[in-house]
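Below: the structure, in structure tokens.
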Amino acid sequence: MYCSSFIYEFFYLGGGFMKDKTYYITTPIYYPSDNFHIGHCYTTIICDAIARFKRLQGYDVFYLTGTDEHGQKIQKKAEAAGVSPQEYVDKIVANAKDLWKSLNISYDKFIRTTDEEHISCVQKIFKQLYDQGDIYKGEYKGLYCTPCESFWTESQLVDGKCPDCGRDVYEVSEEAYFLKLSKYQKRLEEYYDENPDFIEPLSRKNEMINNFLKPGLDDLCVSRTSFDWGIPVTFDEKHVVYVWLDALSNYISALGYNSDDDSLFKKFWPADVHVVGKEIVRFHVIIWPIILMALNIPLPKKVFGHGWLVINGGKISKSFGNGKDPREFINSYGVDAVRYYVLREVPFGSDGAFTEESLINRTNADLVNNLGNLVNRTISMSKKYFDGIVTNPKVNESIDDDLISSCLQLHDIVCSKVDELKVGEALQEIFEVLKKANKYIDDTTPWILAKDESSHDRLRTVLYNLLEVIRITTIYLQAFIPNTASKIFEQLNTKNTLFDQTIEFGLLEENIVLNEPVHLFDRIDVK
Ligand code: MSP
């Protein structure tokens, strides 16, 4: 007894051997039907900031993203391009990985649903659910457009015709396998009641209950025979697994579930949060939990449904023709301006308008005038007056107190905002403190203190306080704008950059010598 509890504590509760705090965060896996646009970057940047923040806090983080590569749409795109579906998706995936690199996305794994381990995991899940009676064979009825080779439901039609080509559709049926969603409906409702934080924001939960659960769940079609770009059903080879069962399983196949090595699954599952766009919340809070219940696996702790980046009121997408290559924005304004804008501008959960003008205004107001200015003024003055040598003779005045206490209060505020996934508000709080620091420069007038030798010790303290605010806030900023944060640390020349070193004011080492000031952001002219 003593021994086993010792082993438990040593290995699982920290003991210095294994990290005890894990955090598993996922983006949706994107369809590689076209190159990605800024809307896809939105979720990926937000999850990246949260993952980086949790790593700073000492969590052992697993950040998963990837691509959802099967299905008729991709098969058709490939045919139109005259290449095989695999060649088609390979090219888009290479482009996506390059995009994530230019945005500094720190994912731990990029899963592709064409990965062998994923395919075999899904095949095993399908077989198990069939063997235990949760999947059964039936008939799929739909409206079919022959030239487009596509099935549609009544509600998808436009004026009773195919939404893609506008031609007539015919009622047809095809043999298919179905997942018994109805069997699990009651358990799902109980789970929602017992876990009030499972779906966020709350409005999305009410929408799910009213629109889908109350009318009663229909069983879900999980296989198709009318196209073959999908995972073959092992025991009935004319069927391929139909999208959502394939796609959702990525969250566990990526961790090695159903494989020879499931150590990551044991370590990281259940996920702390699946971050998804609002239109796919229902798949994540109805179908996914039911698949997991049927497999007897714990459910993810939270599904967060965010709003969209919109242009002229419409969702950004390639098909609307407004999905510019995000690299154009990175090249024009810099990676951290794009990251900052996306993280700060839109209240997470709501839709937000994306305009280049608001990106420029946000960059000028916050990154150029506030952060850039503060760092540049402080380092330049320290260089000019004291050759960049940091000292603090502690000639304090009451005006210092508010700045110091606001800076120290950030710790709790920022941590809880990130826990609530309110990254924009976390940044807002940090930038409020930076604003106070700029005002502190105006109020303490270092250039006047510099004129009088007897005020030099006060001037040293003023500059020390400013540098300390910069050090502490930059520790947080590493999660959001990592390139800029490392440029600032380079100038500060400090070793005290750990997360825990934000809770004490005064840890900037005395007698270090600051490096030359480096310009952080260029002011952008509004076109
Ligand atoms: N493949 C499925 C997801 C499977 S997850 C198991 C899918 N792919 S998608 O490429 O169409 O969309 C992926 C995500 O990108 C969705 O969460 C969607 O909301 C998000 N976005 C696509 N355009 C967007 C905006 N304009 N703004 C914000 N997010 C957007 O659905």
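Position in the sequence shown (first residue = 1) + 219 = this note's numbering. Ideal Cβ positions, reconstructed from N, Cα and C, are used throughout, including at glycine.
Would you give the residue range spanned by the beta strand (DSSP E) that Ala441 belongs to?
-> Position 222 of the sequence shown holds residue 441. Residue identity check: residue 441 is Val in the sequence provided, not Ala. Unbroken run through Val441: none, as it is neither H nor E.
Nearest-angstrom Cα separation, counted from Gly475 out to Tyr231 = In the sequence shown, residue 231 corresponds to position 12, counting from 1. In the sequence shown, residue 475 corresponds to position 256, counting from 1. Only weak support is given to the placement of Tyr231: the predicted model assigns it a pLDDT of 37, under 50, and the question is left unresolved by the model.
Is there at least one non-hydrogen atom of the ligand MSP closer than 6 Å to the beta-carbon of Ala490?
-> Translated into positions along the sequence shown, residue 490 becomes position 271. Answer for Ala490: no, Cβ out of range of the ligand MSP.
Report the rounded CA-to-CA distance for Glu728 versus Glu672, giving the unit in angstroms.
-> Residue mapping note: residue 728 aligns to position 509 of the sequence shown, counting from 1. Residue mapping note: residue 672 aligns to position 453 of the sequence shown, counting from 1. Rounded to whole angstroms, Glu728 to Glu672 spans 24 Å at the Cα level.
According to the neighbour-count rule (16 or more other Cβ atoms, all chains shown, within 10 Å of its Cβ), is Arg563 buried or exposed?
-> Numbered from its first residue, the sequence shown carries residue 563 at position 344. It counts as buried.
Which partner residues of Arg331 appear in the DSSP bridge assignment?
-> Along the sequence shown, read from residue 1 onward, the residue named residue 331 stands at position 112. Bridge partners of Arg331: Thr286.
Under the assumption that Leu578 contacts Tyr552 (Cβ atoms under 8 Å), give the Cβ distance between them as a whole number of angstroms.
-> Locating residue 578 in the sequence shown gives position 359, where the first residue counts as 1. Locating residue 552 in the sequence shown gives position 333, where the first residue counts as 1. That belief holds up - the Cβ atoms of Leu578 and Tyr552 are roughly 7 Å apart, short of 8 Å.
For Ile248, is the beta carbon positioned less than 6 Å from some heavy atom of the ligand NAP?
-> As for the ligand NAP, it is missing from this structure, which binds only the ligand MSP.
Would you say Ile499 touches the ligand MSP, meaning its beta carbon is less than 6 Å from a heavy atom?
-> What you label residue 499 is simply residue 280 of the sequence shown in a count that begins at 1. Correct: Ile499 has its Cβ closer than 6 Å to the ligand MSP.
With a cut-off of 8 Å on the beta carbons, I'd call Arg271 and Ser325 a contact; round off their distance for me.
-> As a first step, residue 271 must be located in the sequence shown, where it is residue number 52. As a first step, residue 325 must be located in the sequence shown, where it is residue number 106. Right, the Cβ-Cβ distance comes to about 6 Å (below 8 Å), so this counts as a contact.
Could you tell me whether any non-hydrogen atom of the ligand MSP is closer than 6 Å to the CB of Ile649?
-> Position 430 of the sequence shown, counting from 1, holds the residue named residue 649. Ile649: no, Cβ never under 6 Å from the ligand MSP.
So what's Trp371 in DSSP terms, helix, strand or just coil?
-> Along the sequence shown, read from residue 1 onward, the residue named residue 371 stands at position 152. Three-state DSSP puts Trp371 in a strand.
With a threshold of 16 other CB atoms inside 10 Å of the CB of Cys266, please say whether the residue is buried or exposed.
-> Taking the first residue of the sequence shown as 1, we reach residue 266 at position 47. Cys266 comes out buried.
Does the Cβ of Leu348 have 16 or more other Cβ atoms within 10 Å, making it buried, or fewer, making it exposed?
-> As a first step, residue 348 must be located in the sequence shown, where it is residue number 129. When all chains shown are included, Leu348 counts as buried.
Cut-off 6 Å between Cβ atoms - residues of its own chain near Tyr250, not counting five sequence neighbours on either side = As a first step, residue 250 is located in the sequence shown; it is residue number 31 there, counting from the start. Once the five neighbours on either side are set aside, the close Cβ partners of Tyr250 are Asp287.
Simplified DSSP assignment, three categories, for Leu187 | Here the chain has residues from 220 to 746 only, and residue 187 is not among them.
Would you tell me roughly how many angstroms separate the C-alpha atoms of Val637 and Tyr282, rounded to the nearest one?
-> Numbered from 1 along the sequence shown, position 418 holds the residue referred to as residue 637. Numbered from 1 along the sequence shown, position 63 holds the residue referred to as residue 282. For Val637 and Tyr282, the distance between alpha carbons rounds to 15 Å.
Contacting residues, own chain, Cβ-Cβ under 6 Å from Val561 (five flanking each side not counted) = What you label residue 561 is simply residue 342 of the sequence shown in a count that begins at 1. Same-chain partners within the cutoff: Tyr261 and Ile264.
Beta-carbon gap between Val441 and Tyr470 smaller than 7 Å | Here residue 441 corresponds to residue number 222 of the sequence shown, with the count starting at 1. Here residue 470 corresponds to residue number 251 of the sequence shown, with the count starting at 1. It is not a contact, given that the beta carbons lie outside the stated cut-off.
Within 6 Å: the Cβ of His458 and any heavy atom of the ligand MSP?
-> Position 239 of the sequence shown holds residue 458. Because no heavy atom of the ligand MSP lies under 6 Å away, the Cβ of His458 does not count as near it: no.
When Gln375, Val391, Glu390 and His259 are compared against Cys384, the one with the closest alpha-carbon = Translated into positions along the sequence shown, residue 384 becomes position 165. With distances taken between Cα atoms, Cys384 lies closest to Gln375.
Classification of Ile775 by the beta-carbon crowding that lies within 10 angstroms, buried from 16 upward = The question about residue 775 has no answer here: the residues shown for the chain are numbered 220 through 746.
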